[in-house]
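S.K.: Take a look at the following structure, please.
Right, here's the structure in full:
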């Protein structure tokens, strides 16, 4: 499809670049490499202070779902700009082509179980509302990537769009770390 082609083109361009978050992500996600990585997100802190995400000054912070930690660290080391720290809770020592050892950090996603209770208000709500709500939520909210935040308020938009008879929605959520 056109979307697949555009995604492949963007990833190939990002992969060729060096020294940027996009080049690291492009390399890690390239299917030709068989790294078995599901998703990657990245953030660069170019300031001289720790930022609101906890990333130290002049550092990059990647969250990688899947793949082998040693391979991921090696790719990050090869693609990142010199002098820029690769920060994260998973730290792997990597030997550079010059024989130096560099500690490369990155994060793994924190998996969370989320329970959602939804109460619909309105007139003439379809009898099969539960199936319609499930389908709408899964269609529009199932593609979370590493590093994404679950924002439960976004569920309401999917429901309002799927069932026009709904006038009000009460949503409550609970979450628990998956261990």
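Numbering (our numbering), first residue to last: 380 to 558. Just so it is clear, CB atoms sit at the ideal spot from N, CA and C, and this is done for glycine as well.
1) Specify the secondary structure class of residue 539 as computed by DSSP and reduced to three states.
2) Would you mind reading off the limits of the alpha helix (DSSP H) that contains residue 456?
3) Helix, strand or coil: how does DSSP classify residue 524 here?
4) Report the option in 551, 535, 436 whose CA atom is closest to the CA atom of residue 463.
5) Assess contact between the stretch 447-456 and the stretch 533-548, defined as three or more Cβ pairs (one per stretch) separated by less than 8 Å. Is contact present?
6) Residue 541 and residue 511: beta carbons closer than 8 Å?
7) What residues in its chain sit with their C-beta under 7 Å from that of residue 448, if we drop five residues either side in the sequence?
8) Alpha carbons only, please: which of 530, 556, 481, 425 is nearest the one belonging to residue 550?
9) Can you tell me the Cα-Cα spacing of residue 544 and residue 504, whole angstroms?
10) Does the distance from the CB of residue 466 to the CB of residue 423 come in under 8 Å?
11) Identify the continuous alpha helix (DSSP H) that holds residue 463 and give its terminal residues.
12) List the endpoints of the continuous alpha helix (DSSP H) containing residue 405.
13) Could you give the residue range of the beta strand (DSSP E) that holds residue 469?
14) How long is the line joining the alpha carbons of residue 538 and residue 522, rounded to whole angstroms?
M.R.: Judging by the given coordinates:
1) helix
2) Unbroken alpha helix (DSSP H) run through residue 456: 448-458.
3) In the structure shown, residue 524 sits in coil (DSSP, three-state: anything other than H, G, I, E or B).
4) 436
5) no
6) yes
7) 469, 471
8) 530
9) 6 Å
10) no
11) Taken as a continuous stretch (DSSP letters only), residue 463 belongs to no alpha helix (DSSP H), as it is neither H nor E.
12) 400-408
13) 469-474
14) 17 Å
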